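Chemist: So that we are looking at the same thing, I have put the structure below in structure tokens.
Below you can see the structure in the form of structure tokens.
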């Protein structure tokens, strides 16, 4: 048998895929939409559609902030975005920390994309001098808590747990009047003031004082976070940024007889997501608790 008569052995075919992590340019509308759409698909399993509208996402990520640096990243597999993430770097307080988010399309999980993306976000945080990386994951009461498993596998420990509750306004409206009447006698000497958008000038100082105390008063578990400094300039910048992004802020404060602002509740409705209102926060000063002065 000559050399040319030898049987040919075919080498196995090896598929080579190009996987890369790339920072997303918020000014690239198509790229940003593809990045945003990963989050939309990942969050579609939630019982309520609460993924932020694309237009709000586009405006906010293209709107520089004095108090935070937001950096979106994506994992591309052969040019297709299969994972989306972001690292947020506080610039005014809690500058020891960074916040990370990692989302991977379900059909592309367990291929290392999430780990690769998280490593990039960790690198950004370290380069910025941060020593703590924080993130939150959805752990549904029913179903697979994939995010919690991923976080644990990456070495994260549980520092705080919160419950998210939803109220159907249409079905609950019939009980509002009775609820208000039952509470009316519990806060004598207090009045409620409500507004939409800009805070009335006479309430700015008291409202800023409450916002500054918020992180110090709420349960944080093991989170190493401190309160923030709020003044009129920061408040107005925050309100104007919300307005540019189509986020409508509704605020109710409780004012004591001596004029002090002693409690607040705020909620948000975003253009393109008018089926949903988000409560941003609720706080009553400790010395005022028990008087039912929390705005209802």
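In full-length UniProt numbering, the protein residues as written are 1 to 296.
For every residue, glycine included, the Cβ atom is placed at its ideal position computed from N, Cα and C.
These numbers were taken from a predicted model, which means no experiment stands behind them.
#1: Name the residue from 282, 225 and 70 whose alpha carbon lies nearest to the alpha carbon of residue 94.
#2: Which partner residues of residue 132 appear in the DSSP bridge assignment?
#3: Just grab the DSSP bridge partners of residue 195 for me.
#4: When you compare the region 51-66 with the region 96-111, are there three or more beta-carbon pairs, one atom per stretch, that lie closer than 8 Å?
#5: Distance, Cα to Cα, residue 292 vs residue 183?
#6: Okay, do the region 72-81 and the region 128-142 touch, 3+ Cβ pairs below 8 Å being the bar?
#7: Taking Cβ positions, are residue 342 and residue 189 nearer each other than 7 Å?
#8: Are residue 61 and residue 90 closer than 7 Å when you measure CB to CB?
#9: Once you ignore the five residues that flank residue 48 on each side, which residues in its own chain have a CB closer than 6 Å to its CB?
#10: Report buried or exposed for residue 232, applying the criterion of at least 16 other Cβ atoms within 10 angstroms of its Cβ.
#11: Decide yes or no for the touch test of the region 233-240 against the region 268-283: beta carbon pairs closer than 8 Å, at least 3 of them.
#12: So, with DSSP's three-state summary, where would you put residue 28?
#13: With a threshold of 16 other CB atoms inside 10 Å of the CB of residue 20, please say whether the residue is buried or exposed.
#14: Rounded to a whole number of angstroms, what is the C-alpha to C-alpha distance between residue 112 and residue 152?
#15: Give the range of the alpha helix (DSSP H) segment to which residue 169 is assigned.
#16: Determine the closest residue to residue 125 out of 192, 97, 271 and 272, with distance taken between C-alpha atoms.
#17: Identify, in the order they occur along the chain, each residue of the same chain with its Cβ nearer than 7 Å to the Cβ of residue 198, setting aside the five sequence neighbours on each side.
#18: Could you round the C-beta distance between residue 114 and residue 83 to whole angstroms and report it? I think they count as a contact, below 8 Å.
#19: Does the Cβ of residue 245 have 16 or more other Cβ atoms within 10 Å, making it buried, or fewer, making it exposed?
#20: Tell me, please, which residues DSSP counts as bridged to residue 267.
#21: Could you please give the first and the last residue of the uninterrupted beta strand (DSSP E) stretch that includes residue 45?
#22: For residue 29, count the other beta carbons within 10 Å of its own beta carbon; 16 or more makes it buried, fewer makes it exposed. Which is it?
#23: In chain order, what residues of the same chain lie with their CB nearer than 8 Å to the CB of residue 122, ignoring the 5 residues before and after it?
#24: Leaving out five residues before and five after residue 43 in sequence, what residues of the same chain have Cβ atoms less than 6 Å from its Cβ?
#25: Under the rule that 16 or more other beta-carbon atoms within 10 Å means buried, what is residue 1, buried or exposed?
#26: Let me know the secondary structure DSSP gives residue 37 once reduced to three states.
#27: Tell me whether residue 20 sits in a helix, a strand or coil according to DSSP, three-state version.
#28: Taking only the alpha-carbon atoms, compute the straight-line gap between residue 264 and residue 108 and give it to the nearest angstrom.
#29: With a threshold of 6 Å (Cβ to nearest heavy atom), would residue 250 be considered close to the ligand SAM?
#30: Whole angstroms is fine: what's the gap from residue 227's alpha carbon to residue 241's?
Modeler: Taking the structure as given:
#1: It is 225 whose Cα lies nearest to the Cα of residue 94.
#2: Residue 132 is bridged to 97.
#3: Residue 195 is bridged to 251.
#4: Note that the region 51-66 does not touch the region 96-111; fewer than 3 beta-carbon pairs, one per stretch, sit closer than 8 Å.
#5: Note that residue 292 has pLDDT 47, beneath the 50 cutoff, so the model's placement of it is unreliable and the number below is only indicative. C-alpha of residue 292 to C-alpha of residue 183: approximately 7 Å in a straight line.
#6: No, because fewer than three Cβ pairs between the region 72-81 and the region 128-142 fall closer than 8 Å, the two stretches do not touch.
#7: Absent from the model: residue 342. The displayed extent of the chain is 1 to 296, so no value can be given.
#8: In this structure, residue 90 does not lie closer than 7 Å to residue 61 by Cβ.
#9: Non-local beta-carbon contacts of residue 48 in its own chain, meaning distances under 6 Å to residues more than five positions away in sequence, involve 166 in chain order.
#10: Taking a 10 Å sphere around the C-beta of residue 232, we find fewer than 16 other C-beta atoms and assign the residue as exposed.
#11: Counting Cβ pairs under 8 Å, fewer than three are found: no touch.
#12: Residue 28: coil per DSSP, three-state reduction.
#13: Only exposed fits residue 20, as fewer than 16 other CB atoms lie within 10 angstroms of its CB.
#14: In a straight line, the C-alpha of residue 112 is about 15 Å away from that of residue 152.
#15: DSSP places residue 169 inside the alpha helix (DSSP H), whose first and last residues are 169-172.
#16: Closest option to residue 125, Cα to Cα, is 97.
#17: Closer than 7 Å at the Cβ level, and outside the excluded window around residue 198, lie 239.
#18: A Cβ-Cβ distance of about 6 Å is found for the pair residue 114 and residue 83, placing them in contact under the 8 Å criterion.
#19: With 16 or more Cβ atoms within 10 Å of its Cβ, residue 245 is classed as buried.
#20: Residue pairing for residue 267: DSSP places it in a beta bridge opposite 250 and 279.
#21: For residue 45, no beta strand (DSSP E) encloses it, and the DSSP letter there is neither H nor E.
#22: Looking at its Cβ environment, which holds fewer than 16 other Cβ atoms inside 10 Å, residue 29 is exposed.
#23: Cβ neighbours of residue 122 within its own chain (closer than 8 Å, five residues either side excluded): 100 and 133.
#24: Correct list, in chain order: 51.
#25: Legend: pLDDT at residue 1 = 47, less than 50; position of this residue unreliable, value from coordinates given subsequently. Under this definition residue 1 is an exposed residue.
#26: Here residue 37 carries a helix assignment [DSSP, helix/strand/coil].
#27: In this structure, residue 20 counts as strand in the three-state DSSP scheme.
#28: Spanning the two alpha carbons is a distance of roughly 43 Å.
#29: Among the components modelled here there is no ligand, and therefore nothing to report on the ligand SAM.
#30: The alpha-carbon separation between residue 227 and residue 241 amounts to approximately 21 Å.
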